[in-house]
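**Student:** Under the UniProt record's numbering, the first residue of the sequence shown is numbered 1, with each subsequent residue one higher. For each residue, glycine too, the CB sits at the ideal point set by N, CA and C. Right, I'll just put the structure down here and ask away after.
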Amino acid sequence: MWPFRKQIAPSEFRLNRPTGFQGVEVRLADLLNMRHQTGVLGIKTRKRVHTLLAGGERSPFKGRGMDFEESRRYQPGDDVRLMDWRVMARTHEPYLKVFREERERPVFIVVDNRKGMRFGTKVAFKSVIAAHAAALLGWASQERGDRVGGVVFSDVDHVELRPRGGRTGVLQLLNILAQDSAHSSQMVERQSPTTSPFYLALNRVQATAKPGSLIFLLSDFRDWDHQTKQTLIRLGGHQDVVAIFMYDQLEQEPPPAGQYPVTDGTRMGILNTGSTNIIQSYSACFRERYEDVRTLCLTRGIGFIPLGTHDDILFQLRGGLQDLGHRRSAHHSMA
Numbered sequence: 001m002w003p004f005r006k007q008i009a010p011s012e013f014r015l016n017r018p019t020g021f022q023g024v025e026v027r028l029a030d031l032l033n034m035r036h037q038t039g040v041l042g043i044k045t046r047k048r049v050h051t052l053l054a055g056g057e058r059s060p061f062k063g064r065g066m067d068f069e070e071s072r073r074y075q076p077g078d079d080v081r082l083m084d085w086r087v088m089a090r091t092h093e094p095y096l097k098v099f100r101e102e103r104e105r106p107v108f109i110v111v112d113n114r115k116g117m118r119f120g121t122k123v124a125f126k127s128v129i130a131a132h133a134a135a136l137l138g139w140a141s142q143e144r145g146d147r148v149g150g151v152v153f154s155d156v157d158h159v160e161l162r163p164r165g166g167r168t169g170v171l172q173l174l175n176i177l178a179q180d181s182a183h184s185s186q187m188v189e190r191q192s193p194t195t196s197p198f199y200l201a202l203n204r205v206q207a208t209a210k211p212g213s214l215i216f217l218l219s220d221f222r223d224w225d226h227q228t229k230q231t232l233i234r235l236g237g238h239q240d241v242v243a244i245f246m247y248d249q250l251e252q253e254p255p256p257a258g259q260y261p262v263t264d265g266t267r268m269g270i271l272n273t274g275s276t277n278i279i280q281s282y283s284a285c286f287r288e289r290y291e292d293v294r295t296l297c298l299t300r301g302i303g304f305i306p307l308g309t310h311d312d313i314l315f316q317l318r319g320g321l322q323d324l325g326h327r328r329s330a331h332h333s334m335a
């Protein structure tokens, strides 16, 4: 079910959030300060916490390690050296052994930095919230002992960061996020105008990530085509993928009836919310995109966490990761 049916009242346009979570620009100092917030995700607790990044505890997410976890059906591209011959002999179908990853797992953080992400109302741009969430996940991964890398992509370019251990892996990502990606000297591979930058970013991760890697994808999932969806499905078949759906509250529901000036930085227009047809079309557009992403994730075993610009990033991520951990643990216990 779509969980965001709350009508926006005019008084709710001004939401109080910590200063570090506001703004239209990503500041490196804010991203560095996120390293002090990882405890909110349950990183330092000693008791068993069913979160994705619970330090000192075995993650409920699958990977390649020393401890056998389960067997699953073979998929094209899998390492044939991991074939489970006993299960194959019993079922007469190809099966693969899956192991649990303990430490130094490659973590890829993929951040959408296209123009559409530079939108927000009264709190912060989606791009700013995505950068803060990426920083929190990066620091948490580093504290757990994982290697951090990723891809940051814009409308025209992308930068690819190989997973690296220690603070180096996190810092390389934060430095890119704090730059204007359109002018970054580290950007590579000028995109073809006929090829989706979203697809190219996921394609690079697919070519680099080893089976068992953990991939966080932060995007508003606008303009993702069939090719992009198929690449995401393939990633979910070999790696653990968590899609973090970024949105602004004003995308979810239109403002009260009236005429509002809007701009994309170049062109100006008027949004008329006094028409019933416009209001219905406005809300339906968001619901369709939200359900498209959510349904694909749920049917393909991909984690899904919605994150609005008005949400508390720390607790929204903690709750989402805990839910994923509980579901994965329950699935394993039933298997």
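In whole angstroms, give me the CA-to-CA distance for D292 and R81.
**Tutor:** 36 Å
**Student:** Classify H226 as helix, strand or coil using the three-state DSSP reduction.
**Tutor:** In this structure, H226 counts as helix in the three-state DSSP scheme.
**Student:** Identify every residue that forms a DSSP beta bridge with L96.
**Tutor:** R72 and M83
**Student:** With distances taken Cα to Cα, identify the nearest neighbour of I215 among G236, H226, F221 and Q252.
**Tutor:** G236
**Student:** Straight-line CA distance for G165 to L174?
**Tutor:** Looking at the two C-alpha atoms, the distance is approximately 14 Å.
**Student:** Just confirm the distance between the C-beta atoms of T273 and P255, as a whole number of angstroms; I'd bet it's less than 8 Å.
**Tutor:** Yes, T273 and P255 are in contact; Cβ-Cβ is about 6 Å, under 8 Å.
**Student:** Assuming A209 contacts F108 under a Cβ cut-off of 8 Å, what Cβ separation, rounded to an integer in Å, is found between them?
**Tutor:** 6 Å
**Student:** Can you grab the Cα-Cα spacing for the pair V24 / I278, in whole Å?
**Tutor:** 28 Å
**Student:** Taking contact to mean at least 3 C-beta pairs separated by less than 8 Å, is the stretch 84-100 in contact with the stretch 127-137?
**Tutor:** Judged by Cβ distances under 8 Å, the stretch 84-100 makes no contact with the stretch 127-137, as fewer than three pairs qualify.
**Student:** Classify R27 as helix, strand or coil using the three-state DSSP reduction.
**Tutor:** coil
**Student:** In angstroms, rounded to a whole number, what distance separates the CA positions of Q281 and D225?
**Tutor:** Residue identity differs from the one stated: residue 281 is Ser in this sequence, not Gln. Rounded to the nearest angstrom, the two C-alpha atoms are 21 Å apart.
**Student:** How big is the Cα-Cα spacing for H310 and Q37?
**Tutor:** 18 Å
**Student:** Which word fits G320, buried or exposed, when buried means at least 16 other C-beta atoms lie within 10 angstroms of its C-beta?
**Tutor:** buried
**Student:** Which residue wins for smallest C-alpha separation from R222, given the options Y290, Q230 and V151?
**Tutor:** When each option's Cα is compared against that of R222, the closest is Y290.
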